[in-house]
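Okay, so here's the structure we're looking at.
In structure tokens, the structure reads:
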């Protein structure tokens, strides 16, 4: 399937690190973005755009990448950057985003990057919905680091800082240096960045206004765990769906029906307020996208390993609820 109108990626770096941004995008996309001198006497990547071609077994897309440079993270101008993205007039820009990638020089240390990461985190949290956002947020650490012991400790600091901002931290050393997988069997560096972007849902198609369209997808079998083909047990899947919809899964005896005979359940499973159907549908769709992403990433693995990944994904979604 070709996605003709994909969501956008916002790629950014500190104002004095545009070379890092250009080199990373060159490694990721195969072509290096060129700065523009149109807005000022000094050529800059800020306000320019690039493209990321994506091809998987399920779709092809040419994703536009918007480039930006952020002022000094320790200055007031950085607050203005976040505020500009959170202004009402920027709502359409945020709605078009499917990914955010911030490039950070690890040589400067965690403390130097804290202001920038926190401002990006503010946009993710207040403008995009935080962890509930169905896009992908990545913080890319570039440049040479310290020794092995120092690197492990510093890696943890980077992961904590970026995780609090809703971003996955990925250390990038180089296309060749990051080939292969780590001790956990995960891709590394730019290969992991590409994997995360490929697993995202880039389709920016119109959202159906009729809720019957959404409920129809639940009734025609498209939420069947077997159709996902990656080992989700039917009982676990049903429990997950019931948790999302807030329903009581226990069978009701005759005494559980009230005296008016309207069949309303009593006890902890009863709903004091009517469900916000649009919100519940959105939750279910988000869950399905996450499970589909895990399915894509586990393709080709042995059945036992696919089942483990599936169980982990279900548990993570349950925790989010």
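In our numbering, the protein residues as written are 767 to 1087.
Think of the CB as a built atom: it goes at the ideal place given N, C-alpha and C, for glycine as much as any other residue.
Values in this document were obtained by computation on a predicted structure and should not be read as measured data.
What first and last residue would you give for the beta strand (DSSP E) that runs through residue i?
i	result
residue 937	934–937
residue 862	Here residue 862 belongs to no beta strand (DSSP E), and DSSP marks it neither H nor E.
residue 903	902–908
residue 827	826–836
Return the CA-CA distance between residue i and residue j, expressed in angstroms with no decimal places.
i	j	result
residue 847	residue 787	18 Å
residue 802	residue 888	28 Å
residue 938	residue 962	14 Å
residue 968	residue 829	8 Å
residue 901	residue 942	28 Å
residue 1054	residue 809	43 Å
residue 770	residue 827	7 Å
residue 824	residue 792	25 Å
residue 772	residue 921	33 Å
residue 970	residue 850	23 Å
residue 918	residue 855	42 Å
residue 891	residue 897	8 Å
residue 1050	residue 944	35 Å
residue 1076	residue 782	42 Å
If you measure between the beta carbons of residue i and residue j, is that distance less than 8 Å?
i	j	result
residue 884	residue 905	no
residue 870	residue 778	no
residue 799	residue 814	yes
residue 872	residue 907	yes
residue 909	residue 936	no
residue 862	residue 833	no
Taking its Cβ as the centre, do 16 or more other Cβ atoms sit within 10 Å of residue i, making it buried, or is it exposed?
i	result
residue 950	exposed
residue 966	buried
residue 932	buried
residue 874	exposed
residue 858	exposed
residue 879	buried
Between which two residues does the alpha helix (DSSP H) holding residue i run?
i	result
residue 774	Careful: residue 774 lies outside any alpha helix (DSSP H), inside the beta strand (DSSP E) at 774–780.
residue 877	876–888
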